[in-house]
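Below is one structure, written out as structure tokens, with a few remarks after it.
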Ligand SMILES: C[S@@+](CC[C@H](N)C(=O)[O-])C[C@H]1O[C@@H](n2cnc3c(N)ncnc32)[C@H](O)[C@@H]1O
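Residue numbers (our numbering): 100 to 346.
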């Protein structure tokens, strides 16, 4: 676990939902697709790997009455602390790879916006394949390397090597034994400029935490000049949905 990641998520945990929940409509758009891709049924046991504050599983449970609690795994206690009590999630403070080594019992799993944090993805995918029953599925919801966020140029450029490549993820999942399907969802955001700039200043993405304070300040000046006539920033968020099935 890198120091950058640890510092980023322990610092961001309290503000995570303020910055990244966006709206109930946004979360529901994603969770409806997660439910559909995983073909979730009440008898399933769901693993939310790198669950963060659990907001996606909480919304999934409003749509599917799972009989057993969601296994909500994240290595940072500060993120897990934001999961509301009694909401049907069992928080488990553990790294994704470590969890995948020794745990099974789940029939469906998903990992949203986190696979780029795992170094040994091939081992993670092999462990999940081994743990799932036949008919089980593992879904990656992931922002691709090319992003269309209203960020400064150096950040957009660094994202190209920060996020995982969807083609490479699919190849690795196939190598692990899965049958793989690739789909995507595009969500149009409209965010007040003041709010988005505050998010960037607070380094709301790990990518932004990799810039020094001076680089970040220069980036914000670049954004200020570029969007000086805008009050609201409109941009499209693209999420790859990579469904890996064990047939
Ligand atoms: C961008 S957040 C996504 C959180 C949540 N899935 C969501 O979409 O709101 C990335 C999450 O990955 C977690 N994470 C970072 N490294 C991890 C690792 N090695 N294993 C499991 N989770 C990790 C972070 O703590 C954080 O909660």
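Glycine included, every Cβ here is placed at the ideal spot set by N, Cα and C. Quantities reported herein were computed from a predicted structural model and do not represent experimental measurements.
Query: Sub-7 Å separation of residue 141 and residue 165 beta-carbons; Result: yes
Query: Opposing strand residues paired with residue 72 [DSSP bridges]; Result: For the chain, the structure presents residues 100 to 346; residue 72 sits outside this window and is missing.
Query: Entirely enclosed beta strand (DSSP E) segments - the region 265-296, minimum 3 residues; Result: 278-291
Query: Residue nearest to residue 215 in terms of C-alpha spacing, selected from 267, 342 and 161; Result: 267
Query: Which of helix, strand or coil DSSP assigns to residue 175; Result: coil
Query: Residue of 229, 306 and 218 minimising C-alpha distance to residue 253; Result: 306
Query: Distance cut-off 6 Å: residue 131 Cβ against heavy atoms of ligand 1; Result: no
Query: Expected contact under 8 Å - CB spacing of residue 188 and residue 230 to nearest Å; Result: Going by Cβ atoms, the distance from residue 188 to residue 230 rounds to 19 Å, so no, they are not a contact pair.
Query: Distance CB(residue 240)-CB(residue 220) smaller than 7 Å; Result: no
Query: Residue 175: CB within 6 Å of a non-hydrogen atom of ligand 1; Result: yes
Query: Validate contact between the region 307-323 and the region 267-281 using beta carbons, cut 8 Å, 3 pairs; Result: no
Query: Cβ-heavy atom distance, residue 102 to ligand 1, below 6 Å; Result: no
Query: Reference residue 335, options 287, 314 and 301, closest by Cα; Result: 287
Query: Integer-rounded CB distance, given that residue 153 should sit under 8 Å from residue 171; Result: 5 Å
Query: Per-residue DSSP class, three states only, for residue 344; Result: strand
Query: Collapsed DSSP secondary structure at residue 232 in the structure displayed; Result: coil
Query: Assigned exposure category for residue 318 - 16 Cβ within 10 Å defines buried; Result: buried
Query: Sequence-distant residues of its chain with Cβ nearer than 6 Å to residue 162 (five each side left out); Result: 134
Query: Closest Cα partner of residue 331 within the set 314, 337 and 323; Result: 323
Query: Buried/exposed call for residue 103, threshold 16 Cβ in 10 Å; Result: exposed
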